[in-house]
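Visitor: Let me give you the structure first, and then I'll get to my questions.
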Ligand SMILES: Cc1ncc(C[n+]2csc(CCOP(=O)(O)OP(=O)(O)O)c2C)c(N)n1
Ligand SMILES: Cc1ncc(C[n+]2csc(CCOP(=O)(O)OP(=O)(O)O)c2C)c(N)n1
Ligand SMILES: [Mg+2]
Ligand SMILES: [Mg+2]
């Protein structure tokens, strides 16, 4: 696939934006300024950016307890995201959601569902709506490797299959569900093998190669859009941070972690861009802009007011 | 497989016992004498008898909303079964269970779980107990085709697989879940194909051939007993009665039903026995005995007292 | 005007709403199958003829299709989801309690989730897993409205309101009230049919109704128990005891005003519920009365409820298990005798 | 004697019971992983060293492993099942409510199902899906005992009783009470540690305890709310108001005798609960008091509870959402001022 330089740089920018956002958030947590808990996305940026870049306006995603990367890749406003993390009224969920329920339906992101596997039927229902309303949109369902052991995975993929729904199920296999290695909890070597139980295509690709992720996603998304039904896309990646806020991830072997860091998507993509003749200065410039953007978001968030206590009682019923 | 005549006749007797029991129960319902609701087993007798004959003392089964056949095949006392159907204190569950919760753990039958898919994890847990306690027993999990679309199917088979549990999952594919044809609710042609998602063997056989069911069950049960793990066995059969009490099953095409009745297991097995030189008189004699046994059961049940109202409050906590 | 059973009235409500709004659709098991039953209790029978694309028959995958209903509601569809027996709501409980009830709130009010959940309840000789009164499990769950119509008239009017409501609404339908006609009617059914007006109507969610006026004791009851309460009132009237029977019709929101006015008048209250006593809907009603209306009371509150056990199968036990007219009468006499 | 946190006391209870009875085992997510956390809150940390075959780490398959626990209990094993957050009990709700709670009853008492379910609850800045107080959803479910220990001493003694009980028992553990030490302790934690005797002890399920004696108002509260009630009592004592704080410790069975005696003395009652008010445990407590102890009352019952919404994320909202010491004090003053 031939991709224009602009688009490549946009991939780069988004990946860096996710990485820098997450690093900044981590720092804010360590400083004790940010409330709540977080599950971060460092190391998986190529998945979110590759997949979401294959989507069109009107397409929708569901995301998980680890949603920041997906939200940014879908173009959500990082000011509103940061404000949400700080529990401010200007947040994308007015402070009611927090990290685990980030979303903005206007941008095609259903508020994150932090129940593992909980979003799989919801994405399937979005697909059903598109089909029933004869709209040419596609729903993408992000999930982790661990989620594929939930019953909802099975039920949802089966229904998407029998009804031929425009849904692409994206499994980011980062080899761990919390502290548990994927090999302890399933016997298949490739999670994509499970697709055959529903007679839908299942493919496994390198999830740290943003271009590969983009092009294969595009294929499956357009296939779904054309009415040819759902698919399961497994992206092999790695979580180079702890599972959540305070997890040192001691269960990840040093060797494995080191290799994963070598293989992390931004490093790899940077090399590739440079091999294309793009200058390091260009990339640095992008990074700088991103950092400014993030600082503005932090400022925006911290300057924003909290919701008033009585706001607790709002937003329950229409 | 060479099977002695005695054993063949015992297969026959059990199949006939199930059939006659169910026919008698149907009649009692139509007469308005029997309370509650029922899901009957006519047409699937070879499944229960074939599978359960492959079990040894100490092995355990779980059953479903359609449990009578399995209970009888496991050697439960039909007096106690009939009394249970009548809600009497002498019933196998002291009148608390009824048709849908028949069972007798002494005979290796966990009280039936009438939530579709609800028994699959329970059987898996029995397997876990056998493994942890280093007992050479096997758990058999009966379920219908419809149950394989429940999330518990997926979760349970996966765990049985990763822990290598001695469980044989038996799917009686009678082509309908209530009024819904199996082809409407899954795309795989053979339900046994789903086994590959858990890397366990999955085979599909003629569920109306009691000898085939017996020999293949024995294979899988002994394989599990030997520590070689779980398996999925699909038995192709047909429900030649309504789904429940008052269902005329108008959704079953006439042609299909006719063929199924031609192919029903007792008719087929009778032919086979006669071809072996067993006399019709011998078979009639067996049938007669069975009928007497059933009449005794009905009498026992109807002569038995009801539990006293206050018994409602018992059996909740140990 | 035509006399319809509850099942027929519900079907009519669904049909009218599906005609009115093409976003309304039904999803569940064994619906829309020619020769089938229209769900477990005929409510959607035949609707597939007029709406072939909007009656979605599912695999037996409750968690899955409840989540699907939710997802579809985010894009403007208005699903009516049904389970064959209320007991199976537990299979979808995560989708209902963690997602359907909360997604709008978590979004800061930016989403709407117009979903109707239809669930048959009631003890009908099927044992512990096909019988439960499910109201208590949802009463304590913020984010879902609950309606409990006891007559055909109310069933139609409330279901139509539910379909038009932009929030999730659960309707509990009672198996013994669906109707005494038809192949799938239940032994022990009570006639809850009504004259249904030709012209369209709806009943607002959250408005209760006085089923019978009285002055001595307020009896609060829904669904089947409402009918039993009326029968008890009828009998007690002959003894000179005057019962006011209140049918709240909605549990969330609840018509506290109606209850307050009645208790102000009677000073005595008996709450009848079909579910086990502990943590039932009667607990919330009694507690609120004890907090806010205790000054009106001239006698202790009484609850009539099932015992704290699962449902037994035997008819001999079920009869004892389900609150009877006799038990209602006893409770009424008790509050009268205990009056200060 | 050693001072232990709640997490440590629970761990010690599990260890002792696993030593005592080889049928006891633990099953759940992220347990027994070297370098892992011992469940979400360290309770089972390190146990895999002594019991490598009895700490069963599962896939993320709640419905599955709850049913597995049940199946295994039928063959004499005694599983301690845990979910990482109480909220995920909904994923296994069918197995818990339709199977675990009912199988013994359905069998006519012929089976035993000794299962302990461990579930962390409490609002801790994680938003709507990782916070819920789950007690109300199980209070209305016959067939399972419920314990709610608020101190390390009680946690150990009650969990040991639960493991030895032949019935299903749910233990609700509060995230803010596990302990203020260690990497996985929570912001806002309260010190609930206790001196734990060297010698073995158990605490009977169903026995409450008076945490503080008093004469003016009875305050009933469990878990975190018990600690807040004691703080409120401390402050009010300075105003001359004497509070009796009752910690029921078990919800099923419930120690009504203890409550009765206290109310007989005080004539006033405030029930504090962390969950939303509607249909909460306070409803059942208030209702039973209104039925059986109304004659002792000289003031309306008051409930202090969270509002009827899901849990909001923002600290600014959560602070309003969770009942505070101030709200408890206000309620106490109110019942005093409303006394007749
Ligand atoms: C139903 C449910 N069970 C358990 C959890 C706790 N939990 C949160 S994330 C997680 C691991 C998820 O693993 P995976 O799906 O691979 O996603 P990843 O964290 O790797 O992105 C667990 C067990 C949860 N949130 N929901
Ligand atoms: C969780 C759940 N959903 C729905 C039902 C209602 N129901 C009872 S039996 C049945 C069909 C089951 O089909 P299958 O598993 O093929 O078994 P069969 O009836 O053919 O023996 C249904 C939908 C149920 N009992 N439990
Ligand atoms: Mg993972
Ligand atoms: Mg079937």
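Residue numbers (the numbering used here), protein chains in the order written: chain V, 1 to 318; chain E, 319 to 636; chain W, 637 to 976; chain S, 977 to 1316.
Beta carbons: idealized from backbone N, C-alpha and C, even for Gly.
Can you name the residues of chain W whose CB is closer than 7 angstroms to the CB of residue 440(E)?
Guide: Neighbours of residue 440(E) on chain W: none; closest Cβ ~13 angstroms, over 7 angstroms.
Visitor: If you follow the beta strand (DSSP E) that residue 233(V) is in, where does it begin and where does it stop?
Guide: Segment 231-236, the beta strand (DSSP E) holding residue 233(V).
Visitor: Considering only C-alpha positions, which residue in the set 1274(S), 1292(S) and 1297(S) is nearest to residue 1283(S)?
Guide: The residue with the shortest Cα to Cα distance from residue 1283(S) is 1297(S).
Visitor: Return yes when at least one heavy atom of ligand 1 lies under 6 angstroms from the C-beta of residue 116(V), else no.
Guide: For ligand 1, at least one heavy atom lies less than 6 angstroms from the Cβ of residue 116(V).
Visitor: When you get a sec, list the residues whose CB is within less than 6 angstroms of any heavy atom of ligand 4, chain order please.
Guide: Checking every Cβ against the heavy atoms of ligand 4 under 6 angstroms gives 462(E), 463(E), 464(E), 492(E), 494(E) and 495(E).
Visitor: Which partner residues does residue 142(V) have in the DSSP bridge list?
Guide: According to DSSP, which records beta bridges pairwise, residue 142(V) is partnered with 170(V).
Visitor: Could you tell me whether the region 390-409 of chain E touches the region 1033-1050 of chain S, using the rule of 3 or more Cβ pairs below 8 angstroms?
Guide: Judged by Cβ distances under 8 angstroms, the region 390-409 of chain E makes no contact with the region 1033-1050 of chain S, as fewer than three pairs qualify.
Visitor: Go to residue 281(V), then tell me how far its alpha helix (DSSP H) extends in each direction, as first and last residue.
Guide: It spans 280-303 - the alpha helix (DSSP H) in which residue 281(V) sits, taken as one unbroken run.
Visitor: Measure how close the beta-carbons of residue 1179(S) and residue 1130(S) come, nearest whole angstrom, since I'm counting them as under 8 angstroms.
Guide: Contact flag correct, Cβ pair sits at about 6 angstroms.
Visitor: Take residue 1221(S) and list the residues in its own chain whose beta-carbon comes closer than 6 angstroms to its own, dropping the five residues that flank it on each side.
Guide: If we look at residue 1221(S) and ignore the five residues flanking it on each side, its Cβ neighbours are 1187, 1188, 1195, 1205, 1206 and 1209.
Visitor: Quick one: list the residues of chain S neighbouring residue 101(V), beta-carbon separation under 8 angstroms, in chain order.
Guide: The contacting residues are 1103, 1104, 1105 and 1289.
Visitor: Would you kindly check if the distance between the Cβ of residue 361(E) and the Cβ of residue 417(E) is under 7 angstroms?
Guide: Contact: no.
Visitor: Please confirm whether any heavy atom of ligand 2 lies closer than 6 angstroms to the CB of residue 1116(S).
Guide: Checking the Cβ of residue 1116(S) against ligand 2 gives no.
Visitor: Quick one: complete alpha helix (DSSP H) runs, 4+ long, within the region 732-792 of chain W?
Guide: Complete alpha helix (DSSP H) runs here, min 4: 739-742 and 771-775.
Visitor: Looking only at its chain, what residues have a beta carbon closer than 7 angstroms to the beta carbon of residue 821(W), apart from the 5 residues adjacent to it on each side?
Guide: Same-chain partners within the cutoff: 814 and 815.
Visitor: Quick one: using the 10 Å Cβ neighbour count with 16 as the cut-off for buried, is residue 324(E) buried or exposed?
Guide: Classification for residue 324(E): exposed.
Visitor: Since residue 1278(S) is in the alpha helix (DSSP H), which residue starts that stretch and which ends it?
Guide: First-last for residue 1278(S): 1278-1282, but that is the beta strand (DSSP E), not the alpha helix (DSSP H).
Visitor: Quick one: what's got a C-beta closer than 6 angstroms to residue 470(E)'s C-beta in the same chain, skipping five residues either side?
Guide: Answer for residue 470(E): 435, 438 and 439, listed in chain order.
Visitor: Whose C-alpha, out of 422(E), 448(E) and 342(E), is nearest the C-alpha of residue 380(E)?
Guide: Of the candidates 422(E), 448(E) and 342(E), the one whose C-alpha sits nearest the C-alpha of residue 380(E) is 422(E).
Visitor: Would DSSP call residue 509(E) helix, strand or coil?
Guide: Three-state DSSP puts residue 509(E) in a helix.
Visitor: Excluding the five sequence neighbours on either side, which residues of its own chain have a C-beta within less than 8 angstroms of the C-beta of residue 1243(S), listed in chain order?
Guide: For residue 1243(S), where only same-chain residues beyond five positions count, the Cβ hits under 8 angstroms are 1272, 1273, 1274, 1275 and 1315.
Visitor: Determine the burial state of residue 876(W): buried for a count of at least 16 other Cβ atoms within 10 Å of its Cβ, exposed for fewer.
Guide: The residue is exposed, with fewer than 16 neighbouring Cβ atoms inside 10 Å.
Visitor: What is the DSSP secondary structure of residue 218(V), counted as helix, strand or coil?
Guide: Looking at residue 218(V) - three-state DSSP - the assignment turns out to be helix.
Visitor: Suppose you measure from the CA of residue 647(W) to the CA of residue 538(E); what does that come to, to the nearest Å?
Guide: Roughly 49 angstroms separates the two Cα atoms.
Visitor: In chain W, what lies closer than 8 angstroms to residue 132(V) by C-beta?
Guide: Those within 8 angstroms of residue 132(V) in chain W are 661, 689, 690, 708 and 713.
Visitor: From which residue to which residue does the beta strand (DSSP E) around residue 640(W) run?
Guide: Residue 640(W) -> beta strand (DSSP E) spans 638-640.
Visitor: Starting from the C-beta of residue 641(E), find all residues in its chain whose C-beta is less than 8 angstroms away, skip the five residues before and the five after it, and write them out in chain order.
Guide: Residue 641(E) is absent from the structure shown; chain E starts at 319 and stops at 636.
Visitor: Looking at the strands, I want to know which residues DSSP matches up with residue 854(W).
Guide: According to DSSP, residue 854(W) bridges with 880(W) and 905(W).
Visitor: Using only alpha-carbon positions, find the residue among 966(W), 959(W) and 952(W) that is nearest to residue 415(E).
Guide: Selected option, being the one with the closest Cα: 952(W).
Visitor: Taking 6 angstroms as the line, does the beta carbon of residue 1005(S) fall inside it for any heavy atom of ligand 1?
Guide: Checking every heavy atom of ligand 1 against the Cβ of residue 1005(S), one is found closer than 6 angstroms.
Visitor: Under 9 angstroms between beta-carbons, which chain E residues line up against residue 724(W)? List them in chain order, please.
Guide: Per Cβ cutoff of 9 angstroms: 433 and 434.
Visitor: Would a C-beta distance cut-off of 7 angstroms place residue 1083(S) and residue 429(E) closer than the cut-off?
Guide: Yes.
Visitor: From what residue to what residue does the beta strand (DSSP E) around residue 847(W) run?
Guide: Residue 847(W) -> beta strand (DSSP E) spans 845-848.
Visitor: Leaving aside the five residues before and after residue 772(W) along the sequence, list all residues of the same chain whose C-beta is less than 7 angstroms from its C-beta, in chain order.
Guide: 911, 915, 916 and 917.
Visitor: Please tell me whether, using a cut-off of 6 angstroms, the distance from the CB of residue 1036(S) to the nearest non-hydrogen atom of ligand 1 is below it.
Guide: At least one heavy atom of ligand 1 is nearer than 6 angstroms to the Cβ of residue 1036(S), so yes.
Visitor: Could you give the distance in angstroms between the alpha-carbon of residue 1127(S) and the alpha-carbon of residue 45(V)?
Guide: Their backbone Cα atoms lie some 44 angstroms apart in a straight line.
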